[in-house]
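Numbering (this note's numbering), first residue to last: 594 to 1059.
The C-beta atom is built at its ideal place from N, Cα and C for all residues, glycine as well.
Note that this is a predicted model, so its numbers are computed, not measured.
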């Protein structure tokens, strides 16, 4: 039976006032290209969403707890670049019963797949409400924007689902390629439309300042706008680019890839950092856009409206002028630098006089046995400006459904830079890995590199120097 027909009883129940929560595996969300228009008054839709919210959040929490150890365990002596938040230690992905990392690494992908032994935390991570999707902000961002701008980023249907200690430092520091001697220029503040001029006046050019203003100006977005199918209580001005990319870095806000349909197949998309954009030649985890101008312009139809131009038109899409507004926004993004890495030389290699023996051993693993540098080249800002397919589906049976998300192959994904990587949890394009130690175990298994325990620890220590 077509999936949309299977949804008919649920739609009828909703219209009658019931609040069912779909089962985990059946039915899936509708298999349509376009988002459906509202079918009930906004007050009724909100009441249903609010009634479902406790069950939605409980289901996501159950999934997270089954996949990960979410405890707060700081790594002694390891702080993020702003110096206000510790890096978390240890592998957090839970192992299948009776297995350890060495036993899994000794198996073939087919053996892991056929035995259903791939750790669930290595599978794609569902959106907290997959069938609805949309941008979800962490509480610290919600609170700061409410205080400074009296603008509400709190959704009535979902909350952010990861604990604060597994997210980036907030607000993150800002480093400028044009002012390297100043270090962090943020003054410990979150840039907003209310304070950006005072903080950045005298540090940037007029063109960059105008680009910054536009990046901080809220425009209508799918879930944050004036129309009846919004997911905030009151009509909203929308969101700004830097609501997700806080201080040009990230705050772990997430939405869904705009580049995939149907809805059940759209993978969760963690907010990436904008640091070092000047070195990047492709943009977007899937789209491979070829300039920051392309990415900036197209984001108004993707991050803001899920790639749906029909929905964008009725909600007030912002179409920035390419020659002026887009160019100025790009100029500002292109002066955001990576955080300092004092142990690296100008070619991205560790200085033996500054690095520890363990860090140097980790660099050797990175460049050799670990195969990390094949994609994350130190001479090109620890990336290769390519897209790669890890073919993770070798290790699991595609088609499983987790919290309404169909677990399908990721396909080619852009290589992201590793510079400043300790500042950017959670990891991978969808945030499925909580710590750097998790990423080391993930790639050791997927690439079959056969690293020892000491080599894994050394590699993690090396990543902290970047």
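beta-carbon residue i near the ligand MG non-hydrogen atom, thresh 7 Å
i	result
residue 996	The ligand MG is not part of the structure shown, which contains no ligands of any sort.
Backbone CA spacing between residue i and residue j [nearest angstrom]
i	j	result
residue 925	residue 884	14 Å
residue 845	residue 839	9 Å
residue 773	residue 728	33 Å
residue 797	residue 871	16 Å
residue 937	residue 758	27 Å
residue 731	residue 697	34 Å
residue 947	residue 1059	13 Å
residue 1033	residue 666	18 Å
residue 711	residue 690	11 Å
residue 976	residue 677	27 Å
residue 1054	residue 669	12 Å
residue 742	residue 1044	49 Å
residue 908	residue 829	11 Å
residue 849	residue 900	11 Å
residue 895	residue 693	41 Å
residue 861	residue 1007	15 Å
residue 932	residue 940	16 Å
residue 960	residue 647	47 Å
Coil, strand or helix - residue i by DSSP
i	result
residue 670	strand
residue 999	strand
residue 630	coil
residue 814	strand
residue 729	strand
residue 657	helix
residue 1007	strand
residue 832	strand
residue 601	Confidence at residue 601 is low in this model, with a pLDDT of 37, below 50, so the placement of that residue is unreliable and no value is reported for it.
residue 1060	Missing from the structure shown is residue 1060; the chain here goes from 594 to 1059 and no further.
residue 897	coil
residue 1141	Examination of residue 1141 is not possible in this model, given that the chain is present from 594 through 1059 alone.
residue 1040	helix
residue 759	helix
residue 774	helix
residue 784	coil
residue 1029	helix
Bounding residues of the beta strand (DSSP E) (the contiguous stretch that carries residue i)
i	result
residue 848	847 to 849
residue 680	679 to 681
residue 807	Not the beta strand (DSSP E): residue 807 falls in the alpha helix (DSSP H), residues 799 to 808.
residue 861	861 to 863
Opening and closing residue of the alpha helix (DSSP H) in which residue i lies
i	result
residue 994	Residue 994 -> not in any alpha helix (DSSP H); beta strand (DSSP E) instead, spanning 993 to 995.
residue 702	702 to 707
residue 954	950 to 960
residue 925	920 to 926
residue 908	902 to 908
residue 793	789 to 793
residue 698	694 to 698
residue 887	885 to 892
residue 1052	1046 to 1056
Option in the options with minimal Cα separation from residue i
i	options	result
residue 934	890, 865, 1015, 1020	1015
residue 817	790, 961, 735	735
residue 920	632, 805, 793	805
residue 910	820, 1005, 954, 1009	820
residue 674	768, 815, 826, 1009	768
residue 785	1009, 764, 663	764
residue 853	832, 678, 877	877
residue 914	718, 995, 766, 891	891
residue 994	664, 657, 717	717
residue 641	822, 1041, 709	822
residue 928	699, 802, 638, 626	802
residue 761	1013, 858, 1048	1013
residue 750	985, 639, 965	639
residue 766	782, 835, 636, 709	782
residue 1009	868, 1042, 905	868
residue 709	990, 637, 831	990
Indicate whether the contact test is met: 3 or more Cβ pairs, each with one atom in the stretch 741 to 756 and one in the stretch 879 to 896, closer than 8 Å. Taking 8 Å as the limit for Cβ pairs, the verdict is that the stretch 879 to 896 does not touch the stretch 741 to 756.
Between the stretch 983 to 1000 and the stretch 1010 to 1029, are three or more C-beta pairs nearer than 8 Å? By the Cβ test, the stretch 983 to 1000 is not in contact with the stretch 1010 to 1029, since fewer than three Cβ pairs between them sit closer than 8 Å.
Taking contact to mean at least 3 C-beta pairs separated by less than 8 Å, is the stretch 958 to 971 in contact with the stretch 680 to 689? The stretch 958 to 971, when compared against the stretch 680 to 689, does not touch it at the 8 Å Cβ threshold.
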